[in-house]
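Below is one structure; the comments refer to it alone.
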Amino acid sequence: MPVQGAFFNGQNYLPISDWAHANGLHCAWLKPGDELIATNRVTRLVFDVDSHYVEINGVQVALSFPIAKQNGAALVAQFDLDAAIRPLLYPARYVKPALIRTICLDPGHGGRDTGNRVGWHYEKIYTLALAGELRDQLRKAGFNVILTRTRDTYVELSDRPALANQRGADLFVSLHFNATPTGKDEVEGPQTYCITPVGASSTDAQGEGSNHGPTPANHDEDGSLLLAYQVQKSLVENLGATDRGVRRARFAVLRDARMPAILIEGGYMTNPYESRKIYSSAYRRQMAQAIVKGILAYQKLTLAPPPSVPSATNHRSTKTGSRSSVK
Ligand SMILES: [Zn+2]
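Residue 229 in my numbering sits at position 218 of the sequence shown, with consecutive numbering throughout.
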């Protein structure tokens with residue numbers, strides 16, 4: 012089937028329905044002209060025109076370029092098919108087989124860097140408490156765990172991924188809690204960040220400038236995305252929390268990590284309801300359990316046998332959205 016492409020935002024765009032059909036997905040408008048759904052037996056994708064997100068099996072995933080519409084058809088950037096959607100739909104083709112032995116946990120902030128402050132609650136206290144709980148649970152699950160800090164001490168941002176690199180950690184997980192100046196009663200829920208793809212802007216580009224080039228973390232961009240997705244999905248499902256999505260950022264603690272690396276914002280200290288949960292050890296235990304489940308789901312992907320695509324070439328993708336491409 013010939014694919015009628017288009018060019019927006021300096022990017023090649025494809026009609027979502029053409030791409031979906033070529034990949035064995037059934038495509039239909041949920042809201043005509045506005046919301047498109049693509050499904051098969053195991054996958055459900057929801058695309059909203061003008062949105063910077065796609066919903067993949069119940070979890071919002073940030074796109075680098077918004078969904079567009081032309082002549083009544085919804086279109087997606089080829090860039091996002093390659094950098095976000097295909098790795099999540101076909102993880103076995105994108106994940107690097109690896110044994111996960113050592114996990115580096117990074118409790119955000121510490122010492123003179125308090126992180127968010129809401130009343131007399133300091134973010135640095137709760138990130139350390141969550142890290143301790145998570146360390147214990149990961150050790151029970153058989154992993155080696157190292158921490159970038161174990162006390163209320165100041166640690167430079169660059170020293171955090173550096174420690175993970177030096178110690179040969181297989182995963183890096185930075186832990187934070189969020190705050191918002193506005194909409195305190197409405198804004199809630201966890202979000203999980205991974206490195207921004209090369210050439211794209213971040214979901215929240217704080218102080219990044221226009222540097223869109225590769226970072227050390229980009230060499231396993233897909234591993235970080237898959238880890239972020241599994242952890243975010245587990246947080247939302249196991250905590251019954253509001254999904255604030257998988258997002259992309261070149262945070263200092265992410266960009267220098269040479270292993271799959273994520274930053275979890277576990278919820279909002281400014282939300283009256285969610286903050287009470289964050290401050291309770293019982294909820295942090297549940298949150299740690301959810302993170303462990305997400306890591307185990309990611310580990311399962313890395314242990315899966317490689318896909319049997321005998322004629323596969325080494326192209327990352329083709330302009331037609333061919334199914335035979337692997338990384
Ligand atoms: Zn923080």
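Just so it is clear, CB atoms sit at the ideal spot from N, CA and C, and this is done for glycine as well.
The model shown is predicted, which means the values in this text are computed figures rather than measured ones.
Pop quiz: residue i and residue j are said to be a contact at Cβ under 8 angstroms. What is the actual Cβ separation, rounded to whole angstroms?
i: HIS187; j: LEU274; result: 6 angstroms
i: VAL206; j: ARG259; result: Per the sequence presented here, residue 206 reads as Ile, with Val not at that position. About 7 angstroms; that satisfies the 8 angstroms criterion.
i: GLN300; j: GLN81; result: Going by Cβ atoms, the distance from GLN300 to GLN81 rounds to 45 angstroms, so no, they are not a contact pair.
i: PRO225; j: ALA94; result: That belief does not hold up - the Cβ atoms of PRO225 and ALA94 are roughly 13 angstroms apart, past 8 angstroms.
i: PRO98; j: LEU250; result: Contact flag wrong, Cβ pair sits at about 25 angstroms.
i: ALA39; j: LEU312; result: At roughly 29 angstroms, the Cβ-Cβ gap does not stay under 8 angstroms, so ALA39 and LEU312 are not in contact.
i: TYR290; j: TYR137; result: 7 angstroms
i: TYR24; j: LEU86; result: 4 angstroms
i: ILE267; j: ALA228; result: One point to set straight first is that residue 267 is Asp, not Ile, in the sequence displayed. Their Cβ separation, rounded to whole angstroms, is 7 angstroms, which keeps ASP267 and ALA228 in contact under 8 angstroms.
i: ASP59; j: GLU46; result: 5 angstroms
i: MET270; j: ALA175; result: 7 angstroms
i: ASP124; j: TYR165; result: 6 angstroms
Let me make sure I understand the geometry here. Which of the options has the alpha-carbon closest to that of residue i?
i: ARG150; options: SER212, ARG123, ILE306 and PRO172; result: ILE306
i: GLY146; options: LEU116, GLY44, GLY69 and ASP45; result: Per the sequence shown, the amino acid found at residue 146 is Arg instead of Gly. Here the closest residue by C-alpha is LEU116.
i: ALA109; options: ARG295, VAL264, LEU238 and ASN282; result: LEU238
i: GLU144; options: ARG287, ARG296 and GLN89; result: ARG296
i: LEU168; options: GLY122, SER213 and PHE154; result: GLY122
i: HIS32; options: ASN23, LEU56 and PRO43; result: LEU56
i: ALA180; options: VAL65, PHE262, THR125 and ALA272; result: ALA272
i: LEU141; options: VAL72, LEU25 and ARG162; result: ARG162
i: ASN189; options: GLU232, ARG104, VAL87 and GLY126; result: GLY126
i: GLY278; options: VAL264, VAL198 and HIS230; result: VAL198
i: GLY119; options: THR203, ASN68, GLN89 and ARG171; result: ARG171
i: GLU276; options: THR253, GLN202 and SER212; result: GLN202
i: ASN51; options: THR191, PHE58 and LEU36; result: LEU36
i: VAL156; options: TYR105, ILE111 and TYR240; result: ILE111
Report the three-state DSSP secondary structure of residue i (helix, strand or coil).
i: SER286; result: helix
i: ASP29; result: helix
i: THR50; result: strand
i: ALA260; result: coil
i: SER335; result: Unreliable positioning characterises SER335 in this predicted model, as indicated by a pLDDT of 35, which lies under 50. A coordinate reading is not provided.
i: PHE90; result: helix
i: TYR101; result: coil
i: THR329; result: Because THR329 sits at a pLDDT of 38, beneath the cut-off of 50, its placement in the model cannot be relied upon, and the point is left open.
i: LEU36; result: coil
i: TYR24; result: strand
i: ALA73; result: strand
i: ALA84; result: strand
i: ARG266; result: helix
i: SER322; result: For SER322, the pLDDT reaches just 42, beneath the cut-off of 50, and the residue's location in the model is therefore unreliable, leaving the point undetermined.
Any heavy atom of ligand 3 closer than 8 angstroms to the Cβ of residue i?
i: THR191; result: Because ligand 3 does not appear in the structure shown, any question about it cannot be addressed here, the ligands present being ligand 1.
Determine the extent of the beta strand (DSSP E) in which residue i is found, giving its start and end residues.
i: ILE275; result: 272-279
i: ALA228; result: Where ALA228 is concerned, there is no enclosing beta strand (DSSP E), given that its DSSP letter is neither H nor E.
i: LEU110; result: Unbroken run through LEU110: none, as it is neither H nor E.
i: ASP59; result: 55-59
i: ILE67; result: 64-67
i: ALA17; result: 17-19
Looking at the unbroken alpha helix (DSSP H) that takes in residue i, where does it start and where does it end?
i: THR113; result: That residue, THR113, is in no alpha helix (DSSP H); its beta strand (DSSP E) goes 113-118.
i: LYS304; result: 292-314
i: VAL242; result: 232-250
(message) For a minimum of 4 consecutive residues, which ranges assigned as the alpha helix (DSSP H) are wholly contained in the region 140-226?
(response) 170-177
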